[in-house]
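K.L.:
So in UniProt numbering, spot 27 of the sequence shown is number 27, and the numbers just go up one at a time. The C-beta atom is built at its ideal place from N, Cα and C for all residues, glycine as well. Have a look at this one before I ask anything.
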Amino acid sequence: MTRRVRLSIFAACLLFATLALFPLRLAGLDSAGVSARAASGTIWRGHLEAAQLGGIALGDVAVGVAPAALLGGRLRLDFASEALSGAGFRGRGGFGIAGLAGRVGPLSIGGVPVTAVSFEQVSIGFDAGACVTAEGMVRVQPGAGLADGESLDGRPRCEGSAVVLPLASASGRERLMVRVEANRRYRAELSLDGVSEAQRPLLLAAGFLPTPTGLTLTTEGIF
Numbered sequence: 001m002t003r004r005v006r007l008s009i010f011a012a013c014l015l016f017a018t019l020a021l022f023p024l025r026l027a028g029l030d031s032a033g034v035s036a037r038a039a040s041g042t043i044w045r046g047h048l049e050a051a052q053l054g055g056i057a058l059g060d061v062a063v064g065v066a067p068a069a070l071l072g073g074r075l076r077l078d079f080a081s082e083a084l085s086g087a088g089f090r091g092r093g094g095f096g097i098a099g100l101a102g103r104v105g106p107l108s109i110g111g112v113p114v115t116a117v118s119f120e121q122v123s124i125g126f127d128a129g130a131c132v133t134a135e136g137m138v139r140v141q142p143g144a145g146l147a148d149g150e151s152l153d154g155r156p157r158c159e160g161s162a163v164v165l166p167l168a169s170a171s172g173r174e175r176l177m178v179r180v181e182a183n184r185r186y187r188a189e190l191s192l193d194g195v196s197e198a199q200r201p202l203l204l205a206a207g208f209l210p211t212p213t214g215l216t217l218t219t220e221g222i223f
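In structure tokens form, the structure reads like this:
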């Protein structure tokens, strides 16, 4: 065995050992909007204590990189908690989520108070700045005083460069349209028809604007 071959094997082993023991707390999860009280383990098998995603409480989360995905040039991080499970991926100009399932809440969507959000096998993917995959089911339970206790249901779909999530109650009087671009910019529009006179002043004070059929609230921002 030549010296060059021995050095190559040593370098490969060193790289593997470095990756295998790379601490989860240094994996850059904060840049993806993930925070936790504590992080332990490695990127292959780690644990987040009291984790939050963009302010959404997830509880304790088990996370780990899928080695098989690396062979295809994609970084895939599987995660699971009592509230939510799924995977996030990035590679070759694309990124997204896959198999998102579970229930989280309470939280706020575009400034709208929400009791809970349920995900049923939701997958969303972007590639080269455009939406290429959108599937699954999302169910939103609005906060008290909105939608008369009805849930707003809908399926995500690709619309040009963005993923669009049109949610509506069974009666159709309450609608929430969420649009998210590849750069994480979002626009959320909540429309309420047939608002009662008792609710109207409270909703106007909260920022809703009058429409011919009811009230609407539009918010924009970055996830």
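1. Under the rule that 16 or more other beta-carbon atoms within 10 Å means buried, what is L15, buried or exposed?
2. Note the first and the last residue of the continuous alpha helix (DSSP H) segment covering R173.
3. When you compare only the Cα positions, how much space is there between A112 and R37?
4. Would you check if the region 92-102 and the region 122-135 touch, i.e. whether three or more CB-CB distances between them fall below 8 Å?
5. Leaving out the 5 sequence neighbours to the left and right, which residues in its chain are closer than 7 Å to S161 when beta-carbon positions are compared?
6. Would you report the Cα separation of R90 and L84, rounded to the nearest angstrom?
7. I'd like to check one pair, R179 with L192: are the Cβ atoms closer than 9 Å?
8. Would you mind sorting S169 into buried or exposed? The rule is 16 or more other CB atoms within 10 Å of its CB.
9. Could you tell me which of G59, L58, F79 sits nearest to A66, measuring between CA atoms?
10. Leaving out the 5 sequence neighbours to the left and right, which residues in its chain are closer than 6 Å to R185 when beta-carbon positions are compared?
11. Verify the CB distance criterion: does V178 have a CB-CB separation below 9 Å to chain D?
12. Is DSSP giving L204 helix, strand or coil here?
13. Where does P210 sit, in a helix, a strand or coil, going by DSSP?
14. In whole angstroms, what separates the C-alpha of L107 from that of T115?
15. Are Q141 and V117 closer than 9 Å when you measure CB to CB?
16. Determine whether the beta carbon atoms of R76 and A87 lie at a separation below 9 Å.
17. Where do the N-terminal and C-terminal ends of the alpha helix (DSSP H) with L70 fall, by residue?
18. Following the continuous beta strand (DSSP E) through F126, name the residue where it begins and the one where it ends.
19. Counting C-beta neighbours from all protein chains within 10 Å, is the total for G149 16 or more, i.e. buried, or is it exposed?
20. Tell me, please, which residues DSSP counts as bridged to L107.
21. Taking all protein chains shown into account, do 16 or more other C-beta atoms lie within 10 angstroms of the C-beta of L203, making it buried, or fewer, making it exposed?
P.N.:
Looking at the coordinates:
1. Residue confidence is low: L15 scores 35 on pLDDT, short of 50, so the model does not pin down where it sits. No coordinate-derived value is stated.
2. Segment: none, R173 is in no alpha helix (DSSP H) and carries neither H nor E.
3. In the sequence under discussion, the amino acid at residue 112 is Val, which differs from the Ala named in the question. If you take the alpha carbons of V112 and R37, they lie about 27 Å apart.
4. Contact between the region 122-135 and the region 92-102 is present, because at least three Cβ pairs lie under 8 Å.
5. Correct list, in chain order: G129, A130, C131, E181, A182.
6. Distance between the alpha carbons of R90 and L84: 20 Å.
7. Contact flag unset, no.
8. Label assigned to S169: buried.
9. Considering only alpha carbons, the answer is F79.
10. The beta carbon of R185 sits closer than 6 Å to the beta carbons of I222 from its chain, once the five residues preceding and following it are set aside; these are given in chain order.
11. Note that chain D does not occur in the displayed structure, where there is just one protein chain.
12. In the three-state reduction of the DSSP assignment, L204 falls in the helix class, which pools H, G and I.
13. In the displayed model, P210 falls within a strand according to three-state DSSP.
14. Rounded to the nearest angstrom, the two C-alpha atoms are 7 Å apart.
15. Closer than 9 Å, so yes.
16. Cβ distance < 9 Å, so R76 and A87 count as in contact.
17. Annotation: the continuous alpha helix (DSSP H) that includes L70 extends over 67-71.
18. Counting along the chain, the beta strand (DSSP E) containing F126 begins and ends at 112-127.
19. By the 10 Å Cβ count, G149 comes out exposed.
20. Per DSSP, V114.
21. By the Cβ-count criterion, L203 is buried, with 16 or more other Cβ atoms from all chains shown falling within 10 Å of its own Cβ.
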